[in-house]
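Written below as structure tokens is the structure these notes are about.
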RNA sequence: GGUCCCAUCGUCUAGUUUGGUCUAGGACGCCGGGUUUUCAUCCCGGAAAUCAGGGGUUCAAAUCCCCUUGGGACCGCCA
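Residue numbers (this note's numbering): 17 to 488.
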């Protein structure tokens, strides 16, 4: 079989992590099976769909490396196709015009719910003669198109969950178009899946109840065998409900802006609901394409864990090539103008193992860029040492530093000169800790030799002097 | 409320199809230790699931069957 899957985002908001997971699984499945991916923008909701969101979706998909082979098709540009099928259903009396006001519908809905019934349209307008329906529409009356849902059992074999049966007698007739130019979701999905020869519909679990509706539409339209369906477990927030706007901004753009890598996001999302069956945790997109299988997809929902994403992202950052890392970090560096490339590269490389996300570089490295360090003098002394002793130590260090030639001012030389001195104290921390704090103004930071080398002789000495002054 | 889906450490999960090798394995996070002047990295170790509960079937059940409970999704002239 020639596998064809679809990416059906709705441009009513930015691309978010939940979308990406679904699209990713479609992509991986298609690649694994040697099939093709079709990008289909589901923009039938004229009020909510925005071109800017379509842009956001496309750009972020490209950034992530999730590519498609056909499209983008836009449903808003396919009105004629839907109209044709709408007319067919109307003509064959498989659909009818409904003139019920929203007020009436709302009243009926509430009555049904208070009686403990599932809310559904009772079929009021189904009784209106076809001729009368047509006349009313021709005379300009507003109406919507309802599809007659046959009261029968509909079943399908979900590739992940097995056989699922629905009793459609419990469902009312569904609205498939607001007017001939405005078709609705279930209808356009069925039509397009057929028109685009989709073989596998892989989507979120929240679509399970739409499936029998689409299958009935598919049958009514005489489309032949429906595609195969696979419903993925949902991604949940920490509170164990479906990930949504309520849970903060989960847009790809936000993660991108914070310095998460595409490869890390892909790796993380792939492992949310799927696993290779062994203990491996790190996968490239290429590897995933080779190994993915629907059989290994989880049935139960998975909680989105930021801590886990952070870990995977850190893993990817640690294996980045120096120049790639520098380029990636550049937007997050406090000030790229005042320092040369070489220095910036050294800074980034130094912090590499400390980054969970690229944006961490900002705070981690600001002391390199600061004109003046501000910190509490109390953090200067090493393990309960007295202020006086700390000051003496720094003064001794200062004298050594001042004696070092500009040419010798590099990490290796600084270490070979200072380390023996530090050892003489019996506890190297007594000398090295105050020096490091004087240079960085922080309790935790890279080592003093690395920092001093990057800072240069002049700045380093100024900072040590400043620390000594603070201890007066 | 109705319908559907799901159920192994806090979280992601292996193991369930073909019952025994599972006194349930790995990873994240957490705790402790080592390396290191500190942080981070790295290395070692630990706590953490009576396999939701109950009942069956069986010599044997996380694995098969039934019931209960719990959680989630959907019920729109959104997708």
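From the three backbone atoms N, C-alpha and C, an ideal C-beta is built for every residue, glycine too.
Values in this document were obtained by computation on a predicted structure and should not be read as measured data.
Item to check | Per-residue DSSP class, three states only, for residue 248 | outcome: On the first chain, position 232 is the one that residue 248 refers to. Here residue 248 sits in strand by DSSP.
Item to check | Nearest-angstrom Cα separation, counted from residue 305 out to residue 47 | outcome: Taking the first chain and counting its residues from 1, one reaches residue 47 at position 31. Taking the first chain and counting its residues from 1, one reaches residue 305 at position 289. Approximately 6 Å, taken between the alpha carbons.
Next on the checklist: So, for residue 273: in the same chain, excluding its five sequence neighbours on each side, which residues have a beta-carbon less than 8 Å away from its beta-carbon?
Outcome noted: Position 257 of the first chain holds residue 273. Correct list, in chain order: 375.
Next on the checklist: When you compare the CB positions of residue 247 and residue 326, do they come within less than 7 Å of one another, or not?
Outcome noted: Residue mapping note: residue 247 aligns to position 231 of the first chain, counting from 1. Residue mapping note: residue 326 aligns to position 310 of the first chain, counting from 1. Not a contact, by the Cβ cut-off of 7 Å.
Checklist entry - Under 7 Å between the Cβ atoms of residue 245 and residue 172? => result Locating residue 245 in the first chain gives position 229, where the first residue counts as 1. Locating residue 172 in the first chain gives position 156, where the first residue counts as 1. Going by C-beta atoms, residue 245 is nearer than 7 Å to residue 172.
Checklist entry - From residue 84 to residue 399, what distance separates their C-alpha atoms? => result For the purposes of this step, residue 84 is identified with residue 68 of the first chain, where counting begins at 1. For the purposes of this step, residue 399 is identified with residue 383 of the first chain, where counting begins at 1. Going by the C-alpha atoms only, they are around 59 Å apart.
Checklist entry - What is the rounded straight-line gap between the Cα of residue 82 and the Cα of residue 128? => result Counted from its first residue, the first chain places residue 82 at position 66. Counted from its first residue, the first chain places residue 128 at position 112. Roughly 45 Å separates the two Cα atoms.
Checklist entry - Should residue 90 and residue 61 be called a contact, given that it needs their Cβ atoms to be closer than 7 Å? => result Taking the first chain and counting its residues from 1, the one referred to as residue 90 is at position 74. Taking the first chain and counting its residues from 1, the one referred to as residue 61 is at position 45. Going by C-beta atoms, residue 90 is not nearer than 7 Å to residue 61.
Checklist entry - Considering only residues of the same chain and omitting the five flanking positions on each side of residue 451, which have a CB-CB separation below 6 Å? => result Against the first chain, residue 451 aligns to sequence position 435. Excluding positions up to five away in sequence, the list reads 413, 464.
Next on the checklist: Taking the alpha carbon of residue 387 as the reference point, which residue from 456, 409, 346, 444 has its own alpha carbon closest?
Outcome noted: Counted from its first residue, the first chain places residue 387 at position 371. Residue 456 is the option with its Cα nearest to residue 387.
Checklist entry - Which whole-angstrom value describes the C-beta separation of residue 142 and residue 101, a residue pair presumed to lie in contact below a C-beta threshold of 8 Å? => result Numbered from its first residue, the first chain carries residue 142 at position 126. Numbered from its first residue, the first chain carries residue 101 at position 85. Between residue 101 and residue 142 the Cβ distance is about 20 Å, and since that is not below 8 Å, they are no contact.
Item to check | Cα-Cα separation between residue 365 and residue 286, rounded to whole angstroms | outcome: Numbered from 1 along the first chain, position 349 holds the residue referred to as residue 365. Numbered from 1 along the first chain, position 270 holds the residue referred to as residue 286. Taking the straight line joining both Cα atoms gives about 29 Å.
Checklist entry - In or out: residue 33 buried (at least 16 other Cβ within 10 Å) or exposed? => result As a working note, residue 33 is residue 17 in the first chain. Residue 33 should be labelled buried.
Checklist entry - Across which residues does DSSP place residue 8 in a beta bridge pair? => result Given that the chain is displayed from residue 17 to residue 488, the structure contains no residue 8 and the question cannot be resolved.
Checklist entry - What are the boundary residues of the alpha helix (DSSP H) that includes residue 193? => result Start at 1 with the first residue of the first chain, and residue 193 comes out as number 177. Run containing residue 193: none in the alpha helix (DSSP H); it sits in the beta strand (DSSP E), 190-195.
Item to check | Coil, strand or helix - residue 108 by DSSP | outcome: Reading the first chain from its first residue, position 92 is the one you call residue 108. Note: residue 108 maps to coil in three-state DSSP.
Item to check | Where residue 258 falls: helix, strand or coil (DSSP) | outcome: Mapped onto the first chain, residue 258 falls at position 242. The answer is strand: DSSP assigns residue 258 an E or B state.
Checklist entry - Three or more C-beta pairs closer than 8 Å, one from the stretch 343-353 and one from the stretch 311-331: is that the case here? => result no
Checklist entry - Quick one, which of 19, 98, 66, 454 has its alpha-carbon nearest residue 192's? => result Along the first chain, one-based indexing puts residue 192 at 176. The candidate whose alpha carbon is nearest that of residue 192 is 98.
Item to check | Beta-carbon proximity check, residue 484 vs residue 410, cutoff 7 Å | outcome: Reading the first chain from its first residue, position 468 is the one you call residue 484. Reading the first chain from its first residue, position 394 is the one you call residue 410. Cβ atoms of residue 484 and residue 410: closer than 7 Å.
Checklist entry - Among 68, 25, 76, which one has its Cα closest to the Cα of residue 54? => result In the first chain, residue 54 corresponds to position 38, counting from 1. When only C-alpha atoms are compared, the closest one is 25.
Checklist entry - Using 8 Å as the threshold, is the stretch 61-81 in touch with the stretch 254-270, meaning 3 or more CB pairs across them? => result yes
Checklist entry - Expressed to the nearest angstrom, what Euclidean distance is found between the alpha-carbon atoms of residue 359 and residue 384? => result Within the first chain, residue 359 is the residue found at index 343, counting from 1. Within the first chain, residue 384 is the residue found at index 368, counting from 1. If I take the Cα positions, the gap works out to 10 Å.
Item to check | Separation of residue 105 from residue 177, as counted between CA atoms | outcome: Position 161 of the first chain holds residue 177. Position 89 of the first chain holds residue 105. C-alpha separation (whole angstroms): 32 Å.
Checklist entry - What are the start and end residues of the beta strand (DSSP E) that includes residue 161? => result For the purposes of this step, residue 161 is identified with residue 145 of the first chain, where counting begins at 1. Start and end: 160-163.
Checklist entry - From which residue to which residue does the alpha helix (DSSP H) around residue 5 run? => result Since the displayed the chain opens at 17 and closes at 488, residue 5 lies outside it and no answer follows.
Checklist entry - Is the Cβ-Cβ distance between residue 250 and residue 199 less than 7 Å? => result Along the first chain, read from residue 1 onward, the residue named residue 250 stands at position 234. Along the first chain, read from residue 1 onward, the residue named residue 199 stands at position 183. No, the pair does not count as a contact, with Cβ atoms beyond the cut-off.
Checklist entry - With 16 as the cutoff for other CB atoms within 10 Å, does residue 227 come out buried or exposed? => result Locating residue 227 in the first chain gives position 211, where the first residue counts as 1. Under this definition residue 227 is a buried residue.
Item to check | Segments of 4+ residues assigned as alpha helix (DSSP H) that fall wholly inside the stretch 331-380 | outcome: 338-345, 357-367
Checklist entry - What are the partner residues of residue 97, as DSSP defines its beta bridges? => result On the first chain, residue 97 is found 81 positions in, with the first residue counted as 1. In the DSSP output, where bridge partners are listed per residue, residue 97 has none listed.
Checklist entry - So, using beta-carbon positions, are residue 110 and residue 160 closer together than 7 Å? => result The residue labelled residue 110 in the question sits at position 94 within the first chain. The residue labelled residue 160 in the question sits at position 144 within the first chain. No, they are not a contact pair.
Item to check | beta strand (DSSP E) segment containing residue 218, residue limits | outcome: Translated into the one-based positions of the first chain, residue 218 becomes position 202. That run of the beta strand (DSSP E) goes 216-220.
Checklist entry - Quick one: what's got a C-beta closer than 7 Å to residue 377's C-beta in the same chain, skipping five residues either side? => result The residue given as residue 377 occupies position 361 in the first chain. For residue 377, where only same-chain residues beyond five positions count, the Cβ hits under 7 Å are 345, 348, 349, 364, 367, 371.
Next on the checklist: When you compare the CB positions of residue 27 and residue 57, do they come within less than 7 Å of one another, or not?
Outcome noted: Taking the first residue of the first chain as position 1, residue 27 is located at position 11. Taking the first residue of the first chain as position 1, residue 57 is located at position 41. Yes, the pair counts as a contact, with Cβ atoms nearer than the cut-off.
Item to check | Assumed close pair residue 425, residue 454 - CB separation to whole angstroms, cut-off 8 Å | outcome: One-based indexing of the first chain puts residue 425 at position 409. One-based indexing of the first chain puts residue 454 at position 438. Actually they do not touch by this definition, with Cβ atoms about 16 Å apart.
Checklist entry - Does the stretch 228-244 come within contact of the stretch 282-300, defined as at least 3 CB pairs closer than 8 Å? => result no
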